[in-house]
Amino acid sequence: MSSDASRPAITTPPPGKYEFLVVVPDKPGAQPKRLEVRPKHFEGLTDLVDKGIFKVGGATLHDVPEGTDAAKWSFHGSTIVMVAESVEECKEILRKDIYSTSGVWDVDNAQIWPIPIESRKALRKIG
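Quick note: the sequence shown uses our numbering, first residue 281, plus one each step.
Spelled out as structure tokens, the structure:
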């Protein structure tokens, strides 16, 4: 079994915060703009990840990609596990992202659910 130092941190949200599963679709025809601003989107994620606001996330695709060239992927939107106080706070955070400000994400049609992540308990018992 690996040591604790080699495993990712298993953290629960701070008091008053919750984890949310966020599924945000792209607006129709947004793929060219998504690819254009993608590097800036990743730059903007650094602070959110460092602060523990974005736990994990990635693009959702219409089809399984053939290869690693994102320009050839058929994007549908994004999915994120986010830490916030409310659905409204999640939407505020999303609206500040370049994918929103440049017209890629359709935040008004995002689906956002609070999720109690139970696997942490099992991982703590193993470790």
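Note that the Cβ used here is the ideal one computed from N, Cα and C, for glycine as well.
Problem - Candidates E372, F334, K320, S358, of which the one nearest S382 by Cα - result: Counted from its first residue, the sequence shown places residue 382 at position 102. Minimum Cα distance to S382 is reached at K320.
Practice task
Determine the extent of the alpha helix (DSSP H) in which V247 is found, giving its start and end residues.
Solution key: Lying outside 281 to 407, the shown extent of the chain, residue 247 is not represented and no answer is given.
Practice task
Give the secondary structure of E299 by DSSP, where H, G and I count as helix, E and B as strand, and everything else as coil.
Solution key: Residue 299 sits at position 19 when you count from the first residue of the sequence shown. E299: strand per DSSP, three-state reduction.
Practice task
Compare the beta carbon distance of H342 and S358 with 8 Å and say whether it is the shorter of the two.
Solution key: Taking the first residue of the sequence shown as position 1, residue 342 is located at position 62. Taking the first residue of the sequence shown as position 1, residue 358 is located at position 78. Not closer than 8 Å, so no.
Practice task
Give the straight-line distance between the Cα atoms of W393 and A364, rounded to the nearest whole angstrom.
Solution key: Taking the first residue of the sequence shown as 1, we reach residue 393 at position 113. Taking the first residue of the sequence shown as 1, we reach residue 364 at position 84. Spanning the alpha carbons of W393 and A364 requires a straight line of approximately 11 Å.
Practice task
Enumerate in chain order the residues of its own chain whose CB-to-CB distance from S286 is below 8 Å, with the five nearest sequence positions on each side excluded.
Solution key: Within the sequence shown, the letter at position 6 stands for residue 286. Low confidence applies here, because S286 scores a pLDDT of 39, under 50, leaving its location unreliable; read the following figure in that light. No residues qualify anywhere along the chain.
Practice task
Just mark I397 as buried or exposed, buried being the case when its beta carbon has 16 or more other beta carbons within 10 Å.
Solution key: As a first step, residue 397 is located in the sequence shown; it is residue number 117 there, counting from the start. If you draw a 10 Å sphere on the C-beta of I397, you find fewer than 16 other C-beta atoms in it, and that means exposed.
Exercise for the section: Compute the distance between the beta-carbons of T340 and V303, then report whether it is under 8 Å. Expected result: Walking along the sequence shown from the start, residue 340 turns up at place 60. Walking along the sequence shown from the start, residue 303 turns up at place 23. Closer than 8 Å, so yes.
Handout entry: Per DSSP, cross-strand counterpart(s) of S358
Key = One-based indexing of the sequence shown puts residue 358 at position 78. According to DSSP, S358 shares a beta bridge with V304, A339.
Practice task
Select from G296, K307, A350, V329 the residue whose C-alpha is nearest the C-alpha of I360.
Solution key: Counted from its first residue, the sequence shown places residue 360 at position 80. When the alpha-carbon of I360 is set against those of G296, K307, A350, V329, the nearest one is in V329.
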